[in-house]
Structure formats: C-alpha cells, structure tokens
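Going by our numbering, the final residue of the sequence shown carries number 928, and the count climbs one at a time with no gaps.
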Amino acid sequence: MKRKVLIVLTVSMLFLGSVITATVDGQLIIWADDTRTPIFKELAEDYTEMTGIVVTVYEMTMDAITEQVVTASPAGEGPDLIVGAHDWIGRLVRNGTIAAIDLPEDLLLQFDPVTIDAMSFEGKLYGVPYSREGVALLYNKDLVPEPPQTWDELIAITREITNPAIGQYGFIVELPFPYNSFAVLSALGGYIFGQSPEGTLLMDDIGLDSVGMILGATLIDWLIEEGLMPGEIPWETMTGLLSEGKAGMVITGPWSIPIAESGGVNVGVAPIPTICGQRPRPFVGVSGIMVNAYSPNKAIIQDFIENQYATKESMLKIFEMDPRPSAFIPAFEATRDDPVMNAFAESISFGMPIPNVPEMNTVWSVWTDAMTLICNQTLSPHEALRQATKVLEDTFSN
531 MKRKVLIVLT
541 VSMLFLGSVI
551 TATVDGQLII
561 WADDTRTPIF
571 KELAEDYTEM
581 TGIVVTVYEM
591 TMDAITEQVV
601 TASPAGEGPD
611 LIVGAHDWIG
621 RLVRNGTIAA
631 IDLPEDLLLQ
641 FDPVTIDAMS
651 FEGKLYGVPY
661 SREGVALLYN
671 KDLVPEPPQT
681 WDELIAITRE
691 ITNPAIGQYG
701 FIVELPFPYN
711 SFAVLSALGG
721 YIFGQSPEGT
731 LLMDDIGLDS
741 VGMILGATLI
751 DWLIEEGLMP
761 GEIPWETMTG
771 LLSEGKAGMV
781 ITGPWSIPIA
791 ESGGVNVGVA
801 PIPTICGQRP
811 RPFVGVSGIM
821 VNAYSPNKAI
831 IQDFIENQYA
841 TKESMLKIFE
851 MDPRPSAFIP
861 AFEATRDDPV
871 MNAFAESISF
881 GMPIPNVPEM
891 NTVWSVWTDA
901 MTLICNQTLS
911 PHEALRQATK
921 VLEDTFSN
C-alpha cells in the first residue's frame with residue numbers, strides 16, 4: 531500500500547539574478563517553466579506518495595533556468611533536474627553542468643529514436659525526452675480540398691490558386707528565417723553539420739553549401755522568381771495570410787493552428803510532399819529532463835526517471851497537459867486517434883533534430899542573412915550559401 535506522507539511542493543518564481551534554494555540530500559528539486567511546472571508538480575505528487583521522497587518543483591522562466599543552473603549548481607544551490615529543450619544540451623555539457631544518463635536498453639528502445647538522438651551529445655545521452663515537435667503542411671480545405679503528395683502536385687495547386695493581385699498564394703513558408711523552410715532545403719540532402727558514425731556533430735563539415743542545400747534553396751528561389759510566392763514572408767505576414775484564408779498551403783507547426791482557426795479557416799494537416807521522391811526532413815525540437823552533474827541524489831534521480839517519469843501513465847499525463855506528439859512510443863500509440871497529431875508525428879518522423887551545439891546561434895544569424903540574399907534575388911543560391919559557409923568556416927576556425 532502506498533504510504534501517505536507530507537507532500538512538499540513549492541511553486542514559486544525565480545527571477546534572473548536570484549537563487550532559489552540549495553540542493554538537499556535525499557530530496558529532489560526540479561526547475562521548470564510555467565507550462566511544465568503543473569505537469570511536473572503532478573508527477574512529483576505521485577512519486578512522493580509512492581516513495582515518501584519529497585520533491586519540490588520551482589517555476590522559473592526558460593532563460594532563468596539556463597542561466598541560473600550554470601552559476602548555482604557548482605555552489606550546491608541548483609536543482610537535481612531541469613526541464614527544457616534539447617538544444618540547451620551542448621552548452622550545458624561543455625560547461626560541465628549536466629551529467630550523462632544511463633537507461634536500461636529495454637527502456638531506451640521505448641523512445642522515438644529521433645528524440646534520443648536529439649538528447650545525445652558526442653555519443654552520450656544527456657536528457658530523457660517526453661515530447662517532440664516540428665512542422666508539417668497546413669492547408670486550407672476550402673482552397674485545397676486534398677493535400678498534395680508530391681512537390682509537382684504542390685506546384686500545380688499553387689499555380690491554380692495564386693493571385694498576387696488579391697494577396698492570395700497557393701503556398702508559403704516563413705522566410706528568410708530558415709527554421710520552417712529547412713524541410714525543403716534538407717529534402718535533397720541538405721544539412722547543417724556532418725556527423726561521425728558515432729553521432730558526433732562535425733564542426734568542420736558545414737553543409738550550408740552542400741549540393742542538397744543549394745538544390746533546395748533553388749526550389750524556393752524559383753517559386754519567388756515565378757511570382758508564386760512573395761520574396762520575404764516574415765512571421766506576421768505568414769500568420770496574417772493564413773488567418774485571412776489567403777494561403778492555400780503553409781509549412782508551419784501546430785502553434786499556427788489556433789491562428790488559422792481564429793480566422794474561421796477550415797484547416798487540415800498533412801506530411802510535407804516528397805521532392806523528387808525524397809522525404810523532406812524538417813527540424814525536430816525535443817523537450818525532456820536533464821540531470822544536474824552536481825546533484826548528490828543520482829540514485830533517487832535514476833529511480834524517478836525509470837519508475838515515475840518514463841512510464842506510459844506519466845507520459846500520457848504529460849500529453850494531456852501539453853498535447854504534443856509523445857517521445858515515448860507506448861504513450862504515442864495510445865494517442866494515435868488524433869489525425870492532426872498523427873500528421874505532425876508522421877512529418878517529423880523523417881526529421882532531424884536541431885543541432886544542439888552553442889554554435890547554432892551563429893549559424894542561425896549567418897544562414898538567415900544568406901536566405902535574405904536569395905529571397906530578394908541579390909545572389910544566386912549557390913553564391914549566397916557558399917558565402918555563408920565561408921563566414922562560418924572562418925568564425926569557427928578562430
């Protein structure tokens with residue numbers, strides 16, 4: 531019988547520059563943002579009831595978590611676990627803040643492989659995922675009754691319904707920021723960094739000017755040149771066209787569905803069409819938990835992960851409170867009756883994780899500049915991407 535014990539679950543705000551509390555032997559402290567705090571509060575209650583171990587959940591901003599965990603942990607004032615995004619991992623590993631995690635093989639195999647890849651760094655696992663997200667093809671069912679299966683079909687539909695005179699476009703993707711458009715840029719082999727056989731990112735193998743990336747950028751350049759898509763489509767323009775019913779198809783994520791529906795758009799979701807028979811590989815973002823390298827409670831953490839967190843019951847609770855495709859296969863299989871969730875999950879099943887190295891901050895900036903030159907047709911895709919690659923090579927070599 532589960533023991534009834536006093537449950538201590540303190541939820542408070544941490545502002546940048548202040549430290550909440552010290553790590554406590556025999557107890558767990560978790561830092562999470564406002565979205566995840568209620569989720570982990572519930573998991574903590576269940577674990578405390580089951581084991582008698584006190585778990586305290588503190589609410590913080592994402593920025594505060596990533597900054598404070600680095601400075602507070604060496605002094606013993608950090609958490610045992612943090613909840614966050616996989617692209618934090620490279621920086622937190624390099625500065626010694628988080629520890630590698632060993633999971634039993636049978637448990638590891640219950641996670642989507644893309645999410646395990648995302649939470650790994652230089653061949654070791656540093657986070658245990660719970661959800662994944664990425665982009666797919668949103669389509670206005672009133673303009674596009676059936677979604678295209680191939681890029682040729684997408685072009686045909688786009689030609690049919692595009693009318694710049696009234697501001698209506700058959701197909702759009704946010705530009706020049708390349709997060710959403712990477713699905714197109716990657717389909718024919720485009721990549722950001724090469725990888726070793728062990729999965730380590732190779733910083734001296736920059737793929738912005740790879741043949742596949744240039745071919746993908748050429749597809750986008752052609753759409754703009756043909757007048758089938760505006761030269762620049764910032765977030766505000768994209769969401770405006772979507773909500774006004776003037777976009778037939780958009781590559782975007784689930785966060786855009788409420789925007790479309792707010793304008794009365796009858797929206798559907800489908801995987802991004804194949805390009806020359808190849809599957810687009812959208813970026814995948816993964817959320818999960820990471821272990822503080824300075825925590826004195828590693829055995830408790832391991833038990834919490836294996837017997838509370840990484841279970842179908844808990845993962846379904848997480849899904850109910852934060853409905854994104856689960857990284858835990860048994861939980862995902864139990865939620866497959868949602869066609870929208872299925873479409874996003876299918877799309878990102880072919881995806882690749884956003885590189886989890888700190889150098890991505892520089893890549894985003896240089897890459898966006900290159901896409902701007904392509905979109906306004908100042909430079910050809912080959913010229914713009916070769917120039918960007920040279921900038922990154924020079925930057926990283928120094």
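Backbone N, C-alpha and C define an ideal beta-carbon position, used for all residues, glycine too. A quick note: this is a predicted structure, and the numbers were derived from the prediction, not measured.
Taking 8 Å as the cut-off, the Cβ atoms of Leu667 and Ile802 count as close. Cβ contact annotation for Gly757 (same chain, cutoff 7 Å, sequence separation greater than five): Pro694, in chain order. The alpha-carbon of Glu755 is positioned some 12 Å away from that of Thr908. Inter-residue distance for Met580 and Ile859 is about 24 Å (C-alpha atoms, whole angstroms). Within the same chain, Ser786 and Ile789 come within 8 Å of Thr769 by CB-CB distance, once the 5 residues on both sides are set aside.
If the five residues before and after Ala873 are omitted, its C-beta is found closer than 7 Å to the C-beta atoms of Ala666, Val799, Ala800 and Pro801, all from its own chain and listed in chain order. For Asn670, DSSP records a beta bridge to Val797. Annotated three-state conformation of Lys920 is helix, per DSSP. The shortest C-alpha to C-alpha distance from Gly556 to any of Thr804, Glu572, Thr586 and Asp868 is the one to Thr586.
DSSP places Ile819 in the uninterrupted beta strand (DSSP E) bounded by Phe813 to Asn822.
Looking only at Met592, Val554 and Thr578, the smallest Cα-Cα distance to Arg566 is reached by Met592. Residues Val658 of the same chain have their beta carbon placed closer than 6 Å to that of Ile835, with the five preceding and five following residues left out of the count. In the DSSP assignment, Trp561 forms a beta bridge with Tyr588 and Ile612. DSSP places Ala630 outside both helix and strand once states are collapsed to three, so it counts as coil. For Ser603, same chain residues with a beta-carbon under 6 Å away, outside a window of 5 residues either side, are Thr627, Asn822 and Tyr824 in chain order. Shown here for Phe849: same chain residues with a beta carbon closer than 7 Å to its own, the five before and five after excluded, namely Ser856, Ala861 and Thr865 in chain order. About 5 Å separates the beta carbon of Phe813 from that of Phe712, a gap short enough to meet the 8 Å contact definition.
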